[in-house]
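Asks:
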RNA sequence: GGCCGGGUAGCCAAGUGGGAAGGCAGGGGACUGCAAAUCCCUUACGAGCGGGUUCGAUUCCCGCCCCGGCCUCCA
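In our numbering, the protein residues as written are 1 to 443.
1) Taking the alpha helix (DSSP H) that residue 394 falls in, what are its first and last residues?
2) So, under 8 Å CB-CB, residue 276 and residue 261 are touching, yes? Tell me the CB distance rounded to an integer number of Å.
3) Since residue 367 contacts residue 344 with CB under 8 Å, what's their CB separation in whole angstroms?
4) Less than 9 Å separating the beta-carbons of residue 378 and residue 341?
5) Can you find the residues in the same chain that come closer than 7 Å, C-beta to C-beta, to residue 437, ignoring five residues on each side of it along the sequence?
6) To the nearest angstrom, how far is the alpha carbon of residue 9 from that of residue 55?
7) Can we say the segment 100-120 touches the segment 75-83, given the rule of at least three CB pairs closer than 8 Å?
8) Report all residues from its chain with a CB closer than 8 Å to the CB of residue 364; omit the five preceding and five following residues, and keep chain order.
9) List the whole-angstrom C-beta distance separating residue 165 from residue 123, where the pair is believed to meet the contact cut-off of C-beta under 8 Å.
10) Roughly how many whole angstroms lie between the Cα atoms of residue 325 and residue 349?
11) Leaving aside the five residues before and after residue 180 along the sequence, list all residues of the same chain whose C-beta is less than 6 Å from its C-beta, in chain order.
12) Residue 283 bridges to which residues according to DSSP?
13) Mind checking who residue 5 pairs with in its DSSP beta bridge?
14) Output the distance between the C-alpha atoms of residue 427 and residue 301, rounded to the nearest integer angstrom.
15) In three-state terms, what does DSSP make of residue 169?
16) May I ask you to report which of helix, strand or coil DSSP gives residue 66?
17) Around the Cβ of residue 167, are there at least 16 other Cβ atoms within 10 angstroms (buried) or fewer (exposed)?
18) By Cβ distance, which residues of its chain are closer than 7 Å to residue 190, with the 5 residues on each side in sequence left out?
19) Using three-state DSSP, classify residue 175 as helix, strand or coil.
20) Does residue 384 pass the burial test, meaning 16 or more other C-beta atoms within 10 Å, or should it be called exposed?
21) On the criterion of 16 or more Cβ atoms from any shown chain inside 10 Å, does residue 408 qualify as buried, or is it exposed?
22) Along the chain, where does the alpha helix (DSSP H) that runs through residue 263 open and close?
23) Is DSSP giving residue 91 helix, strand or coil here?
24) Give the DSSP-derived three-state secondary structure of residue 511 in the structure shown.
25) Beta-carbon within less than 7 Å of residue 161's beta-carbon, same chain only, minus the 5 sequence neighbours each way: which residues are those?
26) Can you check DSSP and say which residues form a bridge with residue 184?
27) Nearest to residue 321 by CA position, among 424, 347, 333 and 131, is which residue?
28) Just the C-alpha distance for residue 185 and residue 163, rounded to the nearest angstrom, thanks.
29) Taking the straight line between their C-alpha atoms, what separation do you get for residue 446 and residue 230?
30) So for residue 130, helix, strand or coil by DSSP?
31) Tell me the rounded alpha-carbon separation between residue 254 and residue 23.
32) Check whether the Cβ atoms of residue 204 and residue 70 sit closer than 9 Å, and answer yes or no.
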């Protein structure tokens, strides 16, 4: 069993930033999960949702509704969106506000072991009490201190200490605690929920590179100071997704929301976009990239379509397909090397098309099987676009027959008009030696 | 200023101390009534710049330039 915390997702922090990792921080752990699963590991995945913070409180006040209600609404919208992206749902998606008791217990423990102290209703983590603080992000406590530009807070013993519990302010949601009414600070919720659902020590913690400091660093400090055990064995940090300068993007007309992108391109294309670069590299989000990804994915779906009707492969193997499977495995085993893995898939598609061209149908069927298997591991799915038109299917067939008749009497004007009209209606027509084929345009 | 990551063809993007993957776009050809799809050929004597190590560097080392992140509250 591999225990994974997929990402610390905060509801309050949505899409305002020029640079964000939110979507990638969902795609990347999803990829890891799928790959581990394919490799025979059982994966238990938790996605923490932070549903209480300044922004949520502010929004609740603006909308004149309880903050937790607002938060839950946004959380569900978020989850729906991520699901549309084809991200497998986690086994557990705990909410911070449902784990106040666990957080309080954790903070009490930290106070007990001398890693935290109460100060006028606030509780702070004493950073200097934790020797390896800064290790994950490669920071040194003294340098951090000299670089600090914030005015000293007299309630803290040390500038670097961070809040575990915040004394309640008027009009804010608060909970009772041993230190009076208040609410949790940022970071502690992730430690509490990870501890509860994954255990005090677990395998992999994923998240955006932007969270490495201070959030992940603080999670480690809190969790390890309390448990005395190693928190996460491995960290999977994804590079950021640059949304570009909002003004500039707007003038170029390439600013697009995740929902819009999903509507326009579908989840496969989004996935192609994200997996085209290595997960640790930074990448730019703009619509030209999406259009390129769409063109690239079209090549895959064309192959899938072309091989759909092939008889299932008999035991015959294809050395070409097996070589490619090897390449794919090797690329993915080496730190989820999706660019190389996908390159192998593109080569498989080329080889498969050549098999088709050469009439090697049995071998092409093997290529198809391997292709679908591997693309499936990456989370791609191929819908049947040659059916599903429901009642219209017989009508399409009828129009195709009319067009074929027109072509036979060399009435190309009529034939082309039928094809053009069908295209307008979202039915793509392609002639082949075996007769005309059609499919519904994506997404 | 400090720490970290990155600069590879028109665009995107890998691997590698010794032939620079793959995709998109472009050009030529085959097939086709046409189109689409597909196939074949083609597009970096060069990898931000300058040094160094080496028989040999895009790949290692040093310096510089540029881009980005973090270094602060909040998430």
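For glycine and all other residues, C-beta sits at the position ideal for the given N, C-alpha and C.
No experiment lies behind these values; they were computed from the predicted model shown.
Replies: The relevant details are as follows:
1) Translated into positions along the first chain, residue 394 becomes position 394. For residue 394, the enclosing alpha helix (DSSP H) has its first and last residue at 392-408.
2) Counted from its first residue, the first chain places residue 276 at position 276. Counted from its first residue, the first chain places residue 261 at position 261. Incorrect: roughly 15 Å between the Cβ atoms, too far for contact.
3) Here residue 367 corresponds to residue number 367 of the first chain, with the count starting at 1. Here residue 344 corresponds to residue number 344 of the first chain, with the count starting at 1. Between residue 344 and residue 367 the Cβ distance is about 12 Å, and since that is not below 8 Å, they are no contact.
4) In the first chain, residue 378 corresponds to position 378, counting from 1. In the first chain, residue 341 corresponds to position 341, counting from 1. Yes, the pair counts as a contact, with Cβ atoms nearer than the cut-off.
5) Looking up residue 437 in the first chain gives position 437. Excluding residues within five positions, the ones whose Cβ falls inside 7 Å are 430.
6) Sequence index remark: in the first chain, residue 9 carries index 9 (1-based). Sequence index remark: in the first chain, residue 55 carries index 55 (1-based). Rounded to the nearest whole angstrom, the C-alpha separation of residue 9 and residue 55 is 14 Å.
7) Touching, no.
8) By one-based count along the first chain, residue 364 stands at place 364. Within the same chain, residue 364 has close Cβ partners 307, 310, 352, 355 and 356.
9) Taking the first residue of the first chain as position 1, residue 165 is located at position 165. Taking the first residue of the first chain as position 1, residue 123 is located at position 123. About 4 Å separates the two Cβ atoms, so the contact holds.
10) Within the first chain, the letter at position 325 stands for residue 325. Within the first chain, the letter at position 349 stands for residue 349. The straight-line gap from Cα to Cα measures roughly 12 Å.
11) Position 180 of the first chain holds residue 180. For residue 180, where only same-chain residues beyond five positions count, the Cβ hits under 6 Å are 121.
12) By one-based count along the first chain, residue 283 stands at place 283. DSSP, once it has assigned bridges, lists 241 as partnering residue 283.
13) The sequence position of residue 5 within the first chain is 5, counting from 1. Beta-bridge pairing links residue 5 to 46 and 205.
14) Residue mapping note: residue 427 aligns to position 427 of the first chain, counting from 1. Residue mapping note: residue 301 aligns to position 301 of the first chain, counting from 1. Cα to Cα, the separation comes out at about 15 Å.
15) Taking the first chain and counting its residues from 1, one reaches residue 169 at position 169. Residue state, collapsed to three classes: coil.
16) The residue you call residue 66 lines up with position 66 of the first chain. It is coil, neither helix nor strand.
17) Counting from one through the first chain, the residue named residue 167 turns up at place 167. Buried, because 16 or more other Cβ atoms sit within 10 Å of the Cβ of residue 167.
18) Translated into positions along the first chain, residue 190 becomes position 190. 8, 48 and 219.
19) Position 175 of the first chain, counting from 1, holds the residue named residue 175. The answer is strand: DSSP assigns residue 175 an E or B state.
20) For the purposes of this step, residue 384 is taken as the residue at position 384 of the first chain. That one is exposed.
21) Within the first chain, residue 408 is the residue found at index 408, counting from 1. By the beta-carbon neighbour count (other beta carbons within 10 angstroms, threshold 16), residue 408 is exposed.
22) What you label residue 263 is simply residue 263 of the first chain in a count that begins at 1. Its alpha helix (DSSP H) spans residues 258-275.
23) Counting from one through the first chain, the residue named residue 91 turns up at place 91. Residue 91 sits in coil when the DSSP states are folded into three classes, being neither helix nor strand.
24) Since the first and last residues shown for the chain are 1 and 443, residue 511 lies out of range.
25) Counting from 1 along the first chain, the entry for residue 161 is found at position 161. The residues are 124, 125, 126 and 127.
26) Locating residue 184 in the first chain gives position 184, where the first residue counts as 1. Answer is 165.
27) Counting from one through the first chain, the residue named residue 321 turns up at place 321. The candidate whose alpha carbon is nearest that of residue 321 is 347.
28) As a working note, residue 185 is residue 185 in the first chain. As a working note, residue 163 is residue 163 in the first chain. When rounded, the separation of the alpha-carbon atoms in residue 185 and residue 163 is 5 Å.
29) With the chain covering 1 to 443 only, the question about residue 446 has no answer from this structure.
30) Locating residue 130 in the first chain gives position 130, where the first residue counts as 1. Correct three-state label for residue 130: coil.
31) Within the first chain, the letter at position 254 stands for residue 254. Within the first chain, the letter at position 23 stands for residue 23. Reliability fails at residue 254, whose pLDDT of 48 lies under 50, so the model's placement of it is uncertain and no value is given.
32) As a working mapping, residue 204 is identified with position 204 in the first chain. As a working mapping, residue 70 is identified with position 70 in the first chain. No, Cβ-Cβ distance for residue 204 and residue 70 is not below 9 Å.
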